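Chemist:
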Amino acid sequence: MTKDRSKTLVSVVIPTYERPEYLRGAIQTALGQTYDNIEVIVVDDGSSEFYADEIVAEFPESVTCIRHDENKGLSAARNTGIRNANGEYVAFLDDDDRWHWTKIARQVSTLDENKNAGLATCLVVALTPDNEVVHCETDAPSGDCSESMLIGNQIGTPSRVLVRRECFDDIGTFDESLPTKQDWDFYLRLCQEWDIAAVENYLCFRTVHESMSSSTHSLERDKKKILQKHESLIRNAGVWEQAQASVNEEIGRSYLGDGSLKQAREYLRTSLSDITVRRMILLSLSYTHPAIISSTIGLERTIARYRSNCSEISITSADIPGLQP
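Quick note: the sequence shown uses this note's numbering, first residue 208, plus one each step.
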């Protein structure tokens, strides 16, 4: 199919590391978009095998591969893609995530209509590797998020966003000193200069693995590092207490899930400086048995799934190119 060169070029950056079983599908989901003026930049972040080059060779010349000599981390891989991108818009796609085939077209249209927005997002569905729906969101942040993003990451996975290229000139790229949570740091900076636009449709399908979560210790380290990095900005906005409480809740909840109840209680107590019913419930749970905690968290996820009408979402390869069989 001939590309429509009159359309704005979109660069899709796909970082990959030691996951050959997912990369082909990620490229297929990018090339399977209804929006056809797309280039795909695969960044192999130092994998032990040269699978990325071999897989990329199966596709048209609009798909290229750049290889790091060593593993540098997700931020460095995304930044390499940004530096080599030719598009006016840049999208990020983790190699195990997939898109609805209209995602890029809808987000380009949304950004074209919202000149003050530097980033377009969408609704996300979380799937197991077997394509079972785990969770689906009910809303996406939009408008002026300069203050709310200081309190916590309302956007989440970069696989859901489309970013104007000029935003990187304004605020820089991903912070390579942060091993995790670099997406929150990036969104936080972007929202101080730009609005957010949202497409209220399920266009991003994120794969969640049992072992994918970063350790609680790295979560604790990097969340605190981001607070420290932006302390002056957060204090000047008058939301320092809320931001600290939000981070403490997230760390406490993570310790709760790990079964480290003493550490969980410590953080959850501190989170009550900005008291909410949820934080009180989490603190109460930290005084119970780990089996009760596990059952309660599972029930919470089931209720959230029911309320968000996940059963109405179609998960088929006809709508989601590159979906794992």
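In this text, a Cβ means the ideal position worked out from N, Cα and C, and glycines have one as well. Since the model is a prediction, treat every value here as computed from it, not as a measurement.
1. Find out if the Cβ-Cβ distance for the pair L300, A233 is shorter than 8 Å.
2. Around the C-beta of Y474, are 16 or more other C-beta atoms found within 10 angstroms, so that it is buried, or is it exposed?
3. Please report how far the alpha carbon of K469 lies from the alpha carbon of D319, in whole angstroms.
4. With a Cβ-Cβ cutoff of 8 Å, do V217 and G325 count as a contact?
5. Identify whether K520 lies in helix, strand or coil by the three-state DSSP scheme.
6. Relative to the C-alpha of T495, which candidate in C517, L426, A471 and V341 has its C-alpha closest?
7. How would you label D377, buried or exposed, when you count the other beta carbons within 10 angstroms and need 16 or more for buried?
8. To the nearest angstrom, how far is the alpha carbon of S493 from that of G466?
9. The beta strand (DSSP E) spanning T271 covers which residue range?
10. Among N291, S282, A264 and E261, whose alpha-carbon lies nearest the alpha-carbon of D252?
11. Output the boundary residues of the beta strand (DSSP E) element that contains H424.
12. Below 8 Å CB to CB, which residues in the same chain sit around R460 once its five sequence neighbours on both sides are set aside?
13. Could you give the residue range of the alpha helix (DSSP H) that holds R367?
14. Opposite Y296 in the DSSP bridges: which residues?
15. In the DSSP assignment, what residue or residues form a beta bridge with T223?
16. State whether the segment 332–342 contacts the segment 254–273, with contact taken as three or more CB pairs (one from each stretch) at a distance under 8 Å.
17. Can you check the segment 319–370 for any beta strand (DSSP E) of at least 3 residues that lies completely inside it and give the ranges in chain order?
18. When burial is assigned at 16 or more other CB atoms within 10 Å of the CB, is E438 buried or exposed?
19. Compute the Euclidean distance between the alpha carbons of S316 and S501, then round it to the nearest angstrom.
20. Thinking Q240 and K310 are a contact (beta carbons under 8 Å), I'd like their distance in whole angstroms, please.
21. Should the segment 436–456 be regarded as contacting the segment 475–484, the criterion being three or more beta carbon pairs within less than 8 Å?
Modeler: Taking the definition as stated:
1. Taking a C-beta distance under 8 Å as the contact criterion, L300 and A233 qualify as a contact pair.
2. buried
3. Between K469 and D319, the C-alpha separation is close to 50 Å.
4. no
5. A small fix is needed here, since residue 520 is Ile in this sequence, not Lys. In the three-state DSSP reduction, I520 falls in the coil class, being neither helix nor strand.
6. A471
7. Classification for D377: exposed.
8. So the two alpha carbons sit approximately 9 Å from each other.
9. V270 to R274
10. S282
11. Counting along the chain, H424 falls outside any beta strand (DSSP E), though it belongs to the alpha helix (DSSP H) covering T423 to K436.
12. Closer than 8 Å at the Cβ level, and outside the excluded window around R460, lie A471, L475 and L489.
13. In the DSSP assignment, R367 falls outside any alpha helix (DSSP H), carrying neither H nor E.
14. V217 and R371
15. D251
16. no
17. Assignment of beta strand (DSSP E) within the segment 319–370, counting only whole runs of 3 or more residues, yields 324–334 and 340–343 in chain order.
18. With fewer than 16 other Cβ atoms within 10 Å, it is exposed.
19. 43 Å
20. 7 Å
21. yes
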